[in-house]
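Chemist: Take a look at this one; I'll ask things after.
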Amino acid sequence: ERGKGIRLLVQHDKPVTQVTWHGKGDYWASVVRNPGGRQVLIHQSSRRWSQNPFRKSPGMIQCVRFHPLRPYFLVASQRSVRIYNLLRQELTKKLQSNCQWISSMAVHPGGDNVICGSYDSKLAWFDLDLSTRP
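If you want the numbering used here, it's the 1-based position in the sequence shown plus 6.
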(Lines of atoms letter the chains of each structure in order from A; the text may use other names.)
(Lines give C-alpha, C1' and ligand atoms only; values in the text may rest on other atoms or scores of the structure.)
Protein backbone atom coordinates (compact mmCIF):
# COMPACT_ATOMS: atom_id res chain seq x y z
CA GLU A 7 0.00 0.00 0.00
CA ARG A 8 2.85 2.38 0.70
CA GLY A 9 4.05 1.87 -2.87
CA LYS A 10 0.66 3.11 -4.13
CA GLY A 11 0.99 6.30 -2.08
CA ILE A 12 -1.36 5.27 0.74
CA ARG A 13 -0.12 6.61 4.08
CA LEU A 14 -3.21 6.19 6.24
CA LEU A 15 -6.15 3.84 5.82
CA VAL A 16 -9.35 4.36 7.83
CA GLN A 17 -12.12 1.81 7.45
CA HIS A 18 -15.75 2.62 8.19
CA ASP A 19 -18.62 0.19 8.63
CA LYS A 20 -20.79 2.11 6.10
CA PRO A 21 -19.95 4.08 2.92
CA VAL A 22 -18.50 7.55 3.53
CA THR A 23 -20.62 10.38 2.06
CA GLN A 24 -18.41 13.38 2.85
CA VAL A 25 -14.86 14.23 3.93
CA THR A 26 -13.74 17.72 5.00
CA TRP A 27 -10.32 18.96 6.08
CA HIS A 28 -9.42 21.42 8.82
CA GLY A 29 -7.52 24.49 7.61
CA LYS A 30 -4.32 23.47 9.41
CA GLY A 31 -4.34 20.10 7.64
CA ASP A 32 -3.86 17.66 10.52
CA TYR A 33 -7.54 17.07 11.30
CA TRP A 34 -10.30 15.87 9.01
CA ALA A 35 -13.88 14.73 9.50
CA SER A 36 -15.94 12.10 7.72
CA VAL A 37 -19.71 11.64 7.50
CA VAL A 38 -21.31 8.20 7.20
CA ARG A 39 -25.00 7.46 6.59
CA ASN A 40 -25.76 5.40 9.69
CA PRO A 41 -29.18 6.18 11.22
CA GLY A 42 -29.08 6.06 14.99
CA GLY A 43 -25.37 5.29 15.16
CA ARG A 44 -21.95 6.77 14.54
CA GLN A 45 -22.38 9.31 11.75
CA VAL A 46 -19.43 11.67 12.24
CA LEU A 47 -15.82 10.82 13.00
CA ILE A 48 -13.00 13.31 13.52
CA HIS A 49 -9.58 11.97 12.60
CA GLN A 50 -6.08 13.24 13.43
CA SER A 51 -3.58 12.19 10.78
CA SER A 52 -0.36 12.75 12.75
CA ARG A 53 -1.47 10.57 15.67
CA ARG A 54 -3.44 8.09 13.53
CA TRP A 55 -6.35 8.56 15.86
CA SER A 56 -10.14 8.83 15.39
CA GLN A 57 -12.95 9.79 17.71
CA ASN A 58 -16.72 10.03 17.69
CA PRO A 59 -17.52 13.59 18.90
CA PHE A 60 -21.18 12.87 19.74
CA ARG A 61 -22.73 10.46 22.19
CA LYS A 62 -26.08 10.90 20.46
CA SER A 63 -26.45 12.18 16.90
CA PRO A 64 -28.55 15.32 16.37
CA GLY A 65 -30.73 13.77 13.64
CA MET A 66 -29.60 12.58 10.22
CA ILE A 67 -26.35 14.43 9.55
CA GLN A 68 -25.96 15.76 6.00
CA CYS A 69 -22.57 17.50 6.05
CA VAL A 70 -19.96 18.98 8.37
CA ARG A 71 -17.41 21.81 8.14
CA PHE A 72 -14.61 23.21 10.26
CA HIS A 73 -14.75 26.95 10.89
CA PRO A 74 -11.82 28.60 9.08
CA LEU A 75 -10.75 30.88 11.97
CA ARG A 76 -12.36 29.83 15.24
CA PRO A 77 -12.32 26.42 16.96
CA TYR A 78 -15.88 25.65 15.79
CA PHE A 79 -17.31 22.56 14.14
CA LEU A 80 -20.48 23.03 12.06
CA VAL A 81 -22.87 20.11 11.69
CA ALA A 82 -25.82 20.28 9.28
CA SER A 83 -28.71 17.94 9.94
CA GLN A 84 -31.90 17.83 7.86
CA ARG A 85 -33.34 21.18 9.00
CA SER A 86 -30.74 22.93 11.15
CA VAL A 87 -27.05 23.70 11.53
CA ARG A 88 -25.45 23.25 14.93
CA ILE A 89 -22.21 25.01 15.80
CA TYR A 90 -20.05 23.32 18.42
CA ASN A 91 -17.10 24.85 20.25
CA LEU A 92 -14.29 22.29 20.02
CA LEU A 93 -12.34 23.71 22.98
CA ARG A 94 -15.25 23.81 25.43
CA GLN A 95 -16.94 20.76 23.84
CA GLU A 96 -20.39 22.33 23.94
CA LEU A 97 -23.11 23.55 21.60
CA THR A 98 -22.58 27.25 20.85
CA LYS A 99 -25.39 28.06 18.43
CA LYS A 100 -28.23 26.39 16.53
CA LEU A 101 -29.20 27.89 13.16
CA GLN A 102 -32.74 27.25 11.85
CA SER A 103 -32.72 27.02 8.05
CA ASN A 104 -36.46 27.07 7.16
CA CYS A 105 -35.65 24.48 4.47
CA GLN A 106 -37.08 20.99 4.15
CA TRP A 107 -33.81 19.13 3.75
CA ILE A 108 -30.30 20.66 3.81
CA SER A 109 -28.07 19.22 1.10
CA SER A 110 -24.88 21.28 1.35
CA MET A 111 -23.17 23.93 3.43
CA ALA A 112 -20.29 26.38 2.98
CA VAL A 113 -18.51 28.76 5.36
CA HIS A 114 -17.05 32.05 4.14
CA PRO A 115 -13.24 32.22 4.55
CA GLY A 116 -13.73 35.20 6.88
CA GLY A 117 -15.91 32.97 9.06
CA ASP A 118 -18.85 35.34 9.57
CA ASN A 119 -21.26 33.88 6.99
CA VAL A 120 -22.68 30.40 6.43
CA ILE A 121 -24.76 29.45 3.41
CA CYS A 122 -26.86 26.27 3.14
CA GLY A 123 -28.44 24.76 0.06
CA SER A 124 -31.40 22.42 0.19
CA TYR A 125 -33.08 19.81 -1.95
CA ASP A 126 -36.19 22.04 -2.23
CA SER A 127 -34.13 24.60 -4.25
CA LYS A 128 -33.72 27.14 -1.45
CA LEU A 129 -30.65 28.89 -0.07
CA ALA A 130 -30.32 30.02 3.53
CA TRP A 131 -27.67 32.63 4.27
CA PHE A 132 -26.71 33.19 7.91
CA ASP A 133 -24.69 36.05 9.36
CA LEU A 134 -23.26 34.48 12.51
CA ASP A 135 -22.87 37.86 14.22
CA LEU A 136 -26.54 38.86 13.85
CA SER A 137 -29.12 36.08 14.08
CA THR A 138 -29.80 32.35 14.11
CA ARG A 139 -32.37 32.78 11.34
CA PRO A 140 -31.56 33.39 7.64
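Using N, Cα and C, we set each Cβ at its ideal position, and we do this for glycine too.
Tell me which residues share the same chain as Asp-126 and place their Cβ nearer than 8 Å to its Cβ, disregarding the 5 neighbours each side in the sequence.
Modeler: The answer, listed in chain order, is Cys-105, Gln-106, Trp-107.
Chemist: Looking at Val-120 and Leu-136, is the spacing between their C-beta atoms short of 8 Å?
Modeler: Taking 8 Å as the Cβ cut-off, Leu-136 and Val-120 do not qualify as a contacting pair.
Chemist: Using only alpha-carbon positions, find the residue among Arg-71, Arg-94, Leu-75, Asp-118 that is nearest to Arg-88.
Modeler: Selected option, being the one with the closest Cα: Arg-71.
Chemist: Looking at Ala-82 and Gln-68, is the spacing between their C-beta atoms short of 8 Å?
Modeler: Contact flag set, yes.
Chemist: Are the CB atoms of Pro-21 and Pro-74 within a distance shorter than 8 Å?
Modeler: No, they are not a contact pair.
Chemist: Which residue marks the beginning of the beta strand (DSSP E) containing Leu-80, and which one marks its end?
Modeler: From DSSP, the beta strand (DSSP E) with Leu-80 extends over 78-82.
Chemist: Measuring CA to CA, which of Gly-123, Thr-98, Gly-29 is closest to Arg-85?
Modeler: Nearest option by C-alpha distance: Gly-123.
Chemist: Return helix, strand or coil for Gly-9, following the three-state DSSP convention.
Modeler: Helix at Gly-9.
Chemist: So, for Leu-93: in the same chain, excluding its five sequence neighbours on each side, which residues have a beta-carbon less than 6 Å away from its beta-carbon?
Modeler: Pro-77.
Chemist: In the structure shown, what three-state DSSP assignment does Tyr-125 receive?
Modeler: Of the three classes helix, strand and coil, the one that applies to Tyr-125 here is coil, per DSSP.
Chemist: Out of curiosity, what's the CA-to-CA distance linking Arg-39 and Ser-63?
Modeler: Approximately 11 Å, taken between the alpha carbons.
Chemist: Residues in the same chain with beta-carbon distance under 7 Å from Gln-45, minus the five sequence neighbours each way, listed in chain order, please.
Modeler: Counting only Cβ-Cβ distances below 7 Å, and skipping sequence neighbours, we find Val-37, Val-38, Ser-63, Ile-67.
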